[in-house]
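Trainee: Numbering (the working numbering), first residue to last: 2 to 75. Below are the structure tokens for one structure; questions will follow.
Printed below as a string of structure tokens:
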């Protein structure tokens, strides 16, 4: 599974990286990706990013790490 780690990025920069990453991976016909946000403000906003992206089908936190997300792509 492809992974994008957003630790250390500002919210705005992380959002732009996320949009680019899910777009590229959907073009590559990937079915799911892992996004690491950490457990702070970015994790709180992340579900909204996913629901607003036309390339994302769903997202859920990984059971062993609440700062890591499995994102299903369209």
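We put the beta carbon where it would ideally sit given N, CA and C, even for glycine. Remember, predicted model here, so these are calculated numbers, not experimental data.
Which residues mark the beginning and the end of the alpha helix (DSSP H) in which residue 11 is found?
Mentor: The sequence position of residue 11 within the chain shown is 10, counting from 1. Looking at the DSSP string, residue 11 is not in any alpha helix (DSSP H), and its letter there is neither H nor E.
Trainee: Taking contact to mean 3 or more Cβ pairs, one atom from each stretch, closer than 8 Å, check whether the segment 5 to 13 and the segment 50 to 61 are in contact.
Mentor: No contact exists between the segment 5 to 13 and the segment 50 to 61.
Trainee: Are the Cβ atoms of residue 5 and residue 19 separated by less than 8 Å?
Mentor: As a first step, residue 5 is located in the chain shown; it is residue number 4 there, counting from the start. As a first step, residue 19 is located in the chain shown; it is residue number 18 there, counting from the start. Yes, the Cβ-Cβ distance between residue 5 and residue 19 is below 8 Å.
Trainee: Report buried or exposed for residue 49, applying the criterion of at least 16 other Cβ atoms within 10 angstroms of its Cβ.
Mentor: Position 48 of the chain shown, counting from 1, holds the residue named residue 49. Its Cβ having fewer than 16 others within 10 Å, residue 49 is exposed.
Trainee: Which residues mark the beginning and the end of the alpha helix (DSSP H) in which residue 108 is found?
Mentor: Residue 108 is absent from the structure shown; the chain starts at 2 and stops at 75.
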